[in-house]
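Asker: The structure under discussion is supplied below as structure tokens; questions concerning it will follow.
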Ligand SMILES: Cc1cc2nc3c(=O)[nH]c(=O)nc-3n(C[C@H](O)[C@H](O)[C@H](O)COP(=O)(O)OP(=O)(O)OC[C@H]3O[C@@H](n4cnc5c(N)ncnc54)[C@H](O)[C@@H]3O)c2cc1C
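Numbering (our numbering), first residue to last: 3 to 347.
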């Protein structure tokens, strides 16, 4: 069914997913209004001061990897155009801490396309990191960190208006030609067929130590540590499946630090915690987001379930939805659209 061109879109949710929709719509010349329940955009799962942008590193290059590789490329085009997002393209070292990771990364190097990566010895990895490492590593030179909170804010500025409102019914957005549901764990309220969304609480820890400022690059080892300008380092993140509260827990700071200490003990010597933040990821059982049209008549779309990769995934989902809204011929491969379908469960 072909529709009249869309002029105005209502977006429910002002996190990375919703804010990215406002940005991509503006790029296509389409107006949008963000409806956000909280006092500010980027205050839910997207509210961390820093996050890592990294494709989800599956061993084989299937539709999922195609999505993340395209998302990565797209983000690298968008980030330089946005002000005040604390973008630091410092690169990332994925430390090869066990045989499982060694095999996965070796397969990746053979099968992935369009991603610059190199296998480094422990000596080479140490030189890149600025700190002693005892592991070989997969080096992703184009990876790095950005502030999710500031990114959401910068992207949301493309909206014509940001309205603070807890939406409880799609009819409240009847004035718009189309609606995008991008409200994380709150998305099911608006979907004709519920997604099997599951909350996974997480916490990041910001801390300083005598060696923290030596770190020049992001390190991934199951957890991650990112150089964090004046504050030292950001250590992430815990995974508490089924939990959905945002309260900071001392035990989770301890967990983040212990995990880092097991891999790079030097960074945790005389460590002082300065702050921490808890948030709730919305995840789906196959660790892939739900992106697509959920009601063709009313022109309702969803972008949810971005899990641990919302920085890249939110932006890519927004691009795909805007292509769908514009009824573009090339909206991505059929295999990818099927994998992203909100009706796949
Ligand atoms: C501790 C932690 C660390 C993370 N680290 C990384 C990382 O390093 N890299 C990475 O890529 N990702 C990371 N993530 C994941 C990433 O933050 C999420 O994938 C991303 O923020 C999801 O964005 P979102 O817009 O879908 O959800 P949210 O940011 O939660 O936004 C949803 C918004 O919808 C609003 N809302 C809900 N219901 C309604 C309603 N009815 N009406 C109006 N508004 C509504 C909410 O208030 C909220 O602001 C991390 C997550 C956590 C918790």
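The C-beta atom is built at its ideal place from N, Cα and C for all residues, glycine as well.
Any heavy atom of ligand 1 closer than 8 Å to the Cβ of residue 50?
Answerer: Checking every heavy atom of ligand 1 against the Cβ of residue 50, one is found closer than 8 Å.
Asker: Report the rounded CA-to-CA distance for residue 115 versus residue 198, giving the unit in angstroms.
Answerer: Roughly 31 Å between the two C-alpha positions.
Asker: Does any residue of chain C have a CB that is nearer than 9 Å to the CB of residue 30?
Answerer: Among the chains of the structure shown, chain C does not appear; only one protein chain is present.
Asker: Report the rounded CA-to-CA distance for residue 244 versus residue 289, giving the unit in angstroms.
Answerer: The straight-line gap from Cα to Cα measures roughly 15 Å.
Asker: Within 10 angstroms of the Cβ of residue 277, are there 16 or more other Cβ atoms? Answer buried if so, exposed if not.
Answerer: That one is exposed.
Asker: If you count every other CB in all the chains shown that lies within 10 Å of the CB of residue 329, and 16 or more means buried, which is it?
Answerer: When all chains shown are included, residue 329 counts as exposed.
Asker: Determine the DSSP secondary structure at residue 229, reduced to helix, strand or coil.
Answerer: Three-state DSSP puts residue 229 in a strand.
Asker: Hey, out of 179, 140, 236, 84, whose CA is closest to residue 153's CA?
Answerer: Nearest option by C-alpha distance: 84.
Asker: What three-state label does DSSP hand residue 166 in the structure shown?
Answerer: Strand, per DSSP.
Asker: Out of 212, 166, 226, 195, point me to the one whose CA is closest to residue 272's CA.
Answerer: Answer by Cα proximity: 212.
Asker: Taking 8 Å as the cut-off, does the CB of residue 167 come closer than this to any heavy atom belonging to ligand 1?
Answerer: Because some heavy atom of ligand 1 lies under 8 Å away, the Cβ of residue 167 counts as near it: yes.
Asker: Please work out which residues of its chain come closer than 6 Å, Cβ to Cβ, to residue 236, disregarding the five sequence neighbours upstream and downstream, and give them in chain order.
Answerer: The answer, listed in chain order, is 52, 206, 208, 228, 230.
Asker: Going by DSSP, which residues form a beta bridge with residue 243?
Answerer: In DSSP, residue 243 forms a bridge with 202.
Asker: With C-beta atoms as the reference, is residue 175 less than 9 Å away from residue 21?
Answerer: For residue 175 and residue 21, no; Cβs fall outside 9 Å.
Asker: Quick one: residues in its chain with C-beta nearer than 7 Å to the C-beta of residue 78, no 5 flanking neighbours on either side, listed in chain order?
Answerer: If we look at residue 78 and ignore the five residues flanking it on each side, its Cβ neighbours are 144.
Asker: Hey, how far is the Cα of residue 239 from the Cα of residue 165?
Answerer: Going by the C-alpha atoms only, they are around 31 Å apart.
Asker: Applying the 10 Å Cβ sphere with the 16-neighbour rule, what's the burial state of residue 7?
Answerer: Residue 7 is exposed by the Cβ-count criterion.
Asker: Could you tell me if residue 139 is buried or exposed, where buried requires 16 or more neighbouring beta carbons within 10 angstroms of its beta carbon?
Answerer: Looking at its Cβ environment, which holds 16 or more other Cβ atoms inside 10 Å, residue 139 is buried.
Asker: Measuring CA to CA, which of 100, 54, 73 is closest to residue 88?
Answerer: Considering only alpha carbons, the answer is 54.
Asker: Considering only the beta carbon of each residue, do residue 281 and residue 188 sit closer than 9 Å?
Answerer: Contact: no.
Asker: Terminal residues of the continuous alpha helix (DSSP H) containing residue 8?
Answerer: From DSSP, residue 8 is part of no alpha helix (DSSP H); its letter is neither H nor E.
Asker: Which partner residues does residue 34 have in the DSSP bridge list?
Answerer: Beta-bridge pairing links residue 34 to 11.
Asker: Given a cut-off of 9 Å on the beta-carbon distance, is the pair residue 11 and residue 275 in contact?
Answerer: No, the Cβ-Cβ distance between residue 11 and residue 275 is not below 9 Å.
Asker: Would you mind sorting residue 82 into buried or exposed? The rule is 16 or more other CB atoms within 10 Å of its CB.
Answerer: Flag for residue 82 reads exposed.
Asker: Please go through the region 254 to 323 and give each complete beta strand (DSSP E) segment of 3 or more residues, from N-terminal end onward.
Answerer: Correct list: 274 to 285, 292 to 297, 302 to 306.
Asker: Helix, strand or coil for residue 102? Go by DSSP, reduced to three states.
Answerer: Helix, per DSSP.
Asker: Smallest Cα separation from residue 292: which of 300, 304, 299, 283?
Answerer: With distances taken between Cα atoms, residue 292 lies closest to 304.
Asker: Name the one or two DSSP bridge partners that residue 119 has.
Answerer: BP columns for residue 119 point to 142.
Asker: If you run the structure through DSSP and keep just helix, strand and coil, what is residue 207?
Answerer: Note: residue 207 maps to strand in three-state DSSP.
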